[in-house]
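Student: Below is the structure I would like to discuss, written out as structure tokens.
There are 2 protein chains.
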Amino acid sequence: MRSVGFLSQCKVGRIIIMASEVQANNGVNVEALLAAKEALTNAPEAAQFKWRAACEWKDGTHSHSTVESFYGLGQDQHRKTTFAFDADHPEVFASLDQGATPVEYVLVGLASCLTAGIAAVAQNRNIQLKSVKATIEGDMDIAGILGIDSDVRNGFSGITVKSTSTPTPSPRTSRLSSLSRRSGRRSMTLSPIRRTSRSW
Amino acid sequence: MRSVGFLSQCKVGRIIIMASEVQANNGVNVEALLAAKEALTNAPEAAQFKWRAACEWKDGTHSHSTVESFYGLGQDQHRKTTFAFDADHPEVFASLDQGATPVEYVLVGLASCLTAGIAAVAQNRNIQLKSVKATIEGDMDIAGILGIDSDVRNGFSGITVKSTSTPTPSPRTSRLSSLSRRSGRRSMTLSPIRRTSRSW
């Protein structure tokens with residue numbers, strides 16, 4: 032697979048989508064998003080966002096991070112909730128496994144971005160979703176981070192999203208299968224990936 | 032800033048490290064890691080890891096992800112705990128803010144990776160850490176994801192980790208300031224970034 036930046040090729044994988052032909056209501060306010068698109072076209076400075084996280088070391092490889100405010104639409108934005116996360120390394124790394132690994136947090140970000148994108152694109156195309164499920168897997172040679180081989184990249188060598196289509200392909204298959212590809216093209220976390228799309 | 036893959040230049044920022052010169056015990060089992068390095072040098076196949084996440088769409092832009100097993104050291108590895116995460120978009124995106132955004136999950140991964148790396152490098156250099164704190168900020172022009180401008184990258188245009196040194200710089204400053212740079216060079220999430228290091 033050809034490596035592009037941080038993430039290399041993504042083979043679309045196990046994304047299970049069940050859909051039916053009814054007036055779509057996937058919970059995505061597409062009208063508001065289209066209105067925002069129009070407004071921000073004339074106010075590009077308002078489209079400049081800054082996303083933030085704060086991290087505090089606890090012990091060993093265990094750290095605690097929080098996410099609350101971000102900057103966008105010309106000002107700091109504050110949430111009602113502070114989201115908190117613990118990260119750590121697993122026991123096979125001689126750590127205490129008190130949280131997911133940093134690289135797994137990246138995979139969570141990617142999977143959730145693709146999934147939200149599918150919902151948004153489906154809504155925009157009036158496709159009613161019943162369910163969307165994805166599994167994502169990132170390959171890594173830890174010889175790099177252990178300092179065994181300086182030629183080994185310290186990061187993913189490949190990411191695979193495994194896909195399966197449900198229900199059995201129908202005349203709608205082409206509309207369903209394009210959802211994940213469209214989501215990937217607009218994904219804020221997937222953009223540097225060159226994908227080998229698979230029909231489903 | 033020059034863009035390299037998914038993440039562009041990172042200016043080392045607000046990393047506050049308090050340290051003292053005692054026999055270091057930062058909770059990182061460096062001896063085990065060095066033993067693993069030696070063992071895996073002779074068994075490169077065991078260094079091939081696969082990290083995983085599973086994601087399920089809930090409603091709108093809200094999804095729920097889980098992290099449990101991964102593959103490494105020649106077999107599937109299972110944890111005692113399944114880590115669960117909710118992701119969503121914020122209210123300014125006409126969503127319900129039921130979780131951090133996907134891009135914030137990526138920042139959490141990056142910040143926690145750098146922090147764990149600092150602890151590991153400090154332990155290896157017999158530097159006793161008292162605290163490590165970091166703030167990380169990712170710049171993003173959402174004109175890309177909204178489809179306003181196809182030339183705008185769908186991702187971060189830059190990432191800044193803000194740093195401040197504490198205590199006041201001393202003859203040990205050079206040792207402390209190199210911790211974050213060393214952590215960045217080995218970071219599994221930061222590797223493609225070209226960084227402008229700042230002394231502190």
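Protein chains in written order, with my numbering: chain A, 32 to 231; chain B, 32 to 231. Even for Gly, the Cβ is constructed at its ideal location relative to N, Cα and C.
With a floor of 3 residues, list each beta strand (DSSP E) that falls wholly inside the segment 97 to 141 of chain A, ordered by position along the chain.
Tutor: Whole beta strand (DSSP E) segments, 3+ residues: 101 to 103, 106 to 108, 114 to 118.
Student: Do Leu145 (chain B) and Asn57 (chain B) have their CB atoms nearer than 8 Å?
Tutor: Locating residue 145 (chain B) in the second sequence gives position 114, where the first residue counts as 1. Locating residue 57 (chain B) in the second sequence gives position 26, where the first residue counts as 1. Cβ atoms of Leu145 (chain B) and Asn57 (chain B): not closer than 8 Å.
Student: Using the Cα positions of Thr197 (chain B) and Lys164 (chain B), report the straight-line distance between them to the nearest angstrom.
Tutor: Walking along the second sequence from the start, residue 197 (chain B) turns up at place 166. Walking along the second sequence from the start, residue 164 (chain B) turns up at place 133. Since pLDDT at Thr197 (chain B) reaches only 40, below the 50 mark, its modelled position is unreliable, and no value is offered.
Student: Helix, strand or coil, according to DSSP, for Ile167 (chain B) in the structure here?
Tutor: To locate residue 167 (chain B), count along the second sequence from 1; it is residue 136. In the structure shown, Ile167 (chain B) sits in a strand (DSSP, three-state: E or B).
Student: When you compare only the Cα positions, how much space is there between Glu99 (chain A) and Ala74 (chain B)?
Tutor: Locating residue 99 (chain A) in the first sequence gives position 68, counting from the first residue. Locating residue 74 (chain B) in the second sequence gives position 43, counting from the first residue. Distance between the alpha carbons of Glu99 (chain A) and Ala74 (chain B): 43 Å.
Student: Kindly indicate which three-state DSSP category Gly175 (chain A) falls into: helix, strand or coil?
Tutor: Residue numbering aside, residue 175 (chain A) sits at position 144 when the first sequence is read from its first letter. Coil, per DSSP.
Student: Enumerate in chain order the residues of its own chain whose CB-to-CB distance from Asp107 (chain A) is below 8 Å, with the five nearest sequence positions on each side excluded.
Tutor: In the first sequence, residue 107 (chain A) corresponds to position 76, counting from 1. The answer, listed in chain order, is Ser100, Phe101.
Student: What does Ile167 (chain A) touch in chain B if you count any residue whose Cβ is under 8 Å from its own?
Tutor: Within the first sequence, the letter at position 136 stands for residue 167 (chain A). Within chain B, the residues near Ile167 (chain A) are Arg83, Ala84, Ala85, Cys86.
Student: Indicate whether at least one CB of chain A lies closer than 8 Å to the CB of Thr195 (chain B).
Tutor: Within the second sequence, the letter at position 164 stands for residue 195 (chain B). Caution is warranted here: a pLDDT of 46 is assigned to Thr195 (chain B), below 50, making its placement in the model unreliable, and the coordinate value is therefore given only provisionally. For Thr195 (chain B), the answer is no, since every Cβ of chain A falls outside 8 Å of its Cβ.
Student: For Ser126 (chain A), collect the residues of the same chain with a Cβ closer than 7 Å to its Cβ; drop the 5 residues on either side in sequence, then sort them by chain order.
Tutor: By one-based count along the first sequence, residue 126 (chain A) stands at place 95. These residues qualify, in order along the chain: Gly91, Thr92, Asp119, His120.
Student: Closer than 8 Å is the cut-off here; do at least three beta carbon pairs connect the segment 164 to 181 of chain A with the segment 67 to 87 of chain B?
Tutor: Contact holds: three or more Cβ-Cβ distances are below 8 Å.
Student: Taking only beta-carbon atoms, is Asp128 (chain B) less than 8 Å away from chain A?
Tutor: Locating residue 128 (chain B) in the second sequence gives position 97, counting from the first residue. By this cut-off, Asp128 (chain B) is an interface position.
Student: Are the CB atoms of Val137 (chain B) and Gly140 (chain A) nearer to each other than 8 Å?
Tutor: Taking the second sequence and counting its residues from 1, the one referred to as residue 137 (chain B) is at position 106. Taking the first sequence and counting its residues from 1, the one referred to as residue 140 (chain A) is at position 109. In this structure, Gly140 (chain A) lies closer than 8 Å to Val137 (chain B) by Cβ.
Student: Measure the alpha-carbon distance for Gln129 (chain B) versus Leu65 (chain A) and round it to whole angstroms.
Tutor: Locating residue 129 (chain B) in the second sequence gives position 98, counting from the first residue. Locating residue 65 (chain A) in the first sequence gives position 34, counting from the first residue. If I take the Cα positions, the gap works out to 22 Å.
Student: Using C-beta distances below 6 Å, list every residue in its chain close to Pro202 (chain B), excluding the 5 sequence neighbours before and after it, in chain order.
Tutor: By 1-based counting over the second sequence, the position of residue 202 (chain B) is 171. Here the model assigns Pro202 (chain B) a pLDDT of 40, short of 50, so the residue's position is not dependable, and the following value carries that caveat. Nothing meets the Cβ criterion.
Student: So what's Ser181 (chain A) in DSSP terms, helix, strand or just coil?
Tutor: Mapped onto the first sequence, residue 181 (chain A) falls at position 150. Of the three classes helix, strand and coil, the one that applies to Ser181 (chain A) here is coil, per DSSP.
Student: For Thr97 (chain B), tell me which candidate among A:Ser143, A:Asn157, A:Thr191 has the shortest Cα-Cα distance.
Tutor: As a working note, residue 97 (chain B) is residue 66 in the second sequence. Here the closest residue by C-alpha is A:Ser143.
Student: Could you tell me which of A:Ala63, A:Gln54, A:Thr72, A:Ala55 sits nearest to Asp180 (chain B), measuring between CA atoms?
Tutor: The residue labelled residue 180 (chain B) in the question sits at position 149 within the second sequence. Comparing Cα positions, the closest option is A:Thr72.
Student: Are there 16 or more other CB atoms within 10 angstroms of the CB of Asn132 (chain B), so buried, or fewer, so exposed?
Tutor: Within the second sequence, numbered from 1, the residue matching residue 132 (chain B) stands at position 101. Note that residue 132 (chain B) is Thr in the sequence shown here, rather than Asn. With 16 or more Cβ atoms within 10 Å of its Cβ, Thr132 (chain B) is classed as buried.
Student: Gly103 (chain B) versus chain A: which residues are under 8 Å apart at the beta carbon?
Tutor: The residue you call residue 103 (chain B) lines up with position 72 of the second sequence. Val123, Ile173, listed in chain order.
Student: Excluding the 5 residues flanking Glu122 (chain B) on each side, which residues of the same chain have their C-beta closer than 6 Å to its C-beta?
Tutor: Position 91 of the second sequence, counted from the start, is the residue given in the question as residue 122 (chain B). Correct list, in chain order: Asp128.
Student: Looking only at its own chain, which residues have a Cβ that is under 7 Å from the Cβ of Lys89 (chain A), when we skip the five neighbours before and after it?
Tutor: Position 58 of the first sequence, counting from 1, holds the residue named residue 89 (chain A). For Lys89 (chain A), where only same-chain residues beyond five positions count, the Cβ hits under 7 Å are His95.
Student: Determine, using beta carbons only, whether Val134 (chain B) comes closer than 8 Å to chain A.
Tutor: Mapped onto the second sequence, residue 134 (chain B) falls at position 103. True, the Cβ-Cβ gap to chain A drops below 8 Å.
Student: Verify the CB distance criterion: does Asp90 (chain B) have a CB-CB separation below 8 Å to chain A?
Tutor: Start at 1 with the first residue of the second sequence, and residue 90 (chain B) comes out as number 59. Interface residue, yes.
Student: Check distances from the C-beta atoms of the segment 138 to 161 of chain A to those of chain C and list, in chain order, the residues that come in under 9 Å.
Tutor: Judged by its chain identifiers, the structure shown contains no chain C, and its protein chains are A and B.
Student: Can you give me the Cβ contacts of Ile176 (chain A) inside the same chain, cut-off strictly under 7 Å, excluding the 5 residues immediately before and after it?
Tutor: The residue labelled residue 176 (chain A) in the question sits at position 145 within the first sequence. Only Asn185 meet the Cβ criterion.
Student: By the three-class DSSP mapping on this structure, what secondary structure does Ala77 (chain A) have?
Tutor: In the first sequence, the residue the question calls residue 77 (chain A) occupies position 46. Helix at Ala77 (chain A).
Student: Check this for me: beta carbons of Ala77 (chain B) and Gly105 (chain B), under 8 Å apart or not?
Tutor: Indexing the second sequence from 1 puts residue 77 (chain B) at position 46. Indexing the second sequence from 1 puts residue 105 (chain B) at position 74. Their beta carbons are under 8 Å apart, which means Ala77 (chain B) touches Gly105 (chain B) by this criterion.
Student: Excluding the 5 residues preceding and the 5 following Asp172 (chain B) in the sequence, name in chain order all residues of the same chain whose CB lies nearer than 7 Å to its CB.
Tutor: As a first step, residue 172 (chain B) is located in the second sequence; it is residue number 141 there, counting from the start. Only Val183, Ser188 meet the Cβ criterion.
Student: Going straight from the alpha carbon of Phe114 (chain A) to that of Glu135 (chain B), what length do you get?
Tutor: Residue numbering aside, residue 114 (chain A) sits at position 83 when the first sequence is read from its first letter. Residue numbering aside, residue 135 (chain B) sits at position 104 when the second sequence is read from its first letter. The straight-line gap from Cα to Cα measures roughly 10 Å.
Student: Does Asp170 (chain A) have its Cβ less than 8 Å from a Cβ in chain B?
Tutor: Counted from its first residue, the first sequence places residue 170 (chain A) at position 139. With 8 Å as the cut-off, Asp170 (chain A) counts as an interface residue toward chain B.
Student: Nearest-angstrom Cα distance between Asn60 (chain A) and Gly103 (chain A)?
Tutor: Here the question's residue 60 (chain A) lines up with position 29 in the first sequence. Here the question's residue 103 (chain A) lines up with position 72 in the first sequence. Computed Cα separation, rounded: 19 Å.
Student: Using a Cβ cut-off of 9 Å, pull out every chain A residue sitting near Ala55 (chain B), in sequence order please.
Tutor: Here residue 55 (chain B) refers to the residue found at position 24 when the second sequence is read from its first residue. Going along chain A, no residue has its Cβ under 9 Å from Ala55 (chain B), so there is no contact; the nearest lies around 12 Å.
Student: Rounded to whole angstroms, how far is the Cβ of Ala55 (chain B) from the Cβ of Ala153 (chain B), which I believe are closer than 8 Å?
Tutor: On the second sequence, residue 55 (chain B) is found 24 positions in, with the first residue counted as 1. On the second sequence, residue 153 (chain B) is found 122 positions in, with the first residue counted as 1. Right, their Cβ atoms sit about 7 Å apart.
Student: DSSP state of Thr72 (chain B), grouped into three classes?
Tutor: Here the question's residue 72 (chain B) lines up with position 41 in the second sequence. Three-state DSSP puts Thr72 (chain B) in a helix.
Student: Between the alpha carbons of Ala63 (chain A) and Glu62 (chain B), how many angstroms are there, rounded?
Tutor: Here residue 63 (chain A) refers to the residue found at position 32 of the first sequence. Here residue 62 (chain B) refers to the residue found at position 31 of the second sequence. Taking the straight line joining both Cα atoms gives about 55 Å.
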